[in-house]
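Engineer: Here it is, the structure, as structure tokens.
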Amino acid sequence: MSDPALAPRSPLGGVVIVWGAALIAAVAIGIFVPMQWRVQWLIVGFGGAVLLSFALQLWYGQTKGFIFRTAASVTGALLLLGVVSAGFALAALVPA
2 MSDPALAPRS PLGGVVIVWG AALIAAVAIG IFVPMQWRVQ WLIVGFGGAV LLSFALQLWY
62 GQTKGFIFRT AASVTGALLL LGVVSAGFAL AALVPA
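According to my numbering, the residues represented by the sequence shown are 2 to 97, in order.
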């Protein structure tokens, strides 16, 4: 186990996967969840993004940079969900 990996997986892939999953979850929440329940479901979606981030970074199998990769995944998902929820709030202000 002390031999270095010849072709290690890219750590950026796990970060981008979490961001994509957060974006898909936010759009699905916006489409399928009633307006009064969106905030609660966005919090559930963020929790899912945190769990997915840990799972992917553990699957990556490298200890070096684990905290940085996990923090980048979670922070990006939080910002993405925040922007989408701000879009929901602005859309709610526009009369139909």
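A virtual CB, placed ideally from N, CA and C, is assigned to each residue, including glycine.
Report the three-state DSSP secondary structure of P12 (helix, strand or coil).
Structural biologist: Locating residue 12 in the sequence shown gives position 11, where the first residue counts as 1. Correct three-state label for P12: helix.
Engineer: Count the other C-beta atoms from every protein chain shown that fall within 10 angstroms of the C-beta of F47, then say buried if there are 16 or more, exposed otherwise.
Structural biologist: Here residue 47 is taken as the residue at index 46 of the sequence shown, counted from 1. Classification of F47: buried, given that the 10 Å Cβ count is 16 or more.
Engineer: Which same chain residues, not among the five before or five after T71, have their C-beta less than 6 Å away from its C-beta?
Structural biologist: Reading the sequence shown from its first residue, position 70 is the one you call residue 71. For T71, where only same-chain residues beyond five positions count, the Cβ hits under 6 Å are S54 and Q58.
Engineer: Would V75 pass as a contact of V51 if the rule is Cβ separation under 8 Å?
Structural biologist: The residue given as residue 75 occupies position 74 in the sequence shown. The residue given as residue 51 occupies position 50 in the sequence shown. Their beta carbons are under 8 Å apart, which means V75 touches V51 by this criterion.
Engineer: Considering only the alpha carbon of each residue, which of G14, A23, R10 and S11 lies closest to G77?
Structural biologist: Walking along the sequence shown from the start, residue 77 turns up at place 76. The option with the nearest alpha carbon to G77 is A23.
Engineer: Would you kindly check if the distance between the Cβ of V85 and the Cβ of A27 is under 8 Å?
Structural biologist: Numbered from 1 along the sequence shown, position 26 holds the residue referred to as residue 27. Numbered from 1 along the sequence shown, position 84 holds the residue referred to as residue 85. Yes, Cβ-Cβ distance for A27 and V85 is below 8 Å.
Engineer: Curious, which full-length alpha helix (DSSP H) runs of at least 4 residues does the stretch 11-75 contain?
Structural biologist: Within the stretch 11-75, the alpha helix (DSSP H) runs of at least 4 residues that lie entirely inside it are, in chain order, 12-33 and 39-61.
Engineer: In three-state DSSP terms, what is A97?
Structural biologist: Start at 1 with the first residue of the sequence shown, and residue 97 comes out as number 96. In the structure shown, A97 sits in coil (DSSP, three-state: anything other than H, G, I, E or B).
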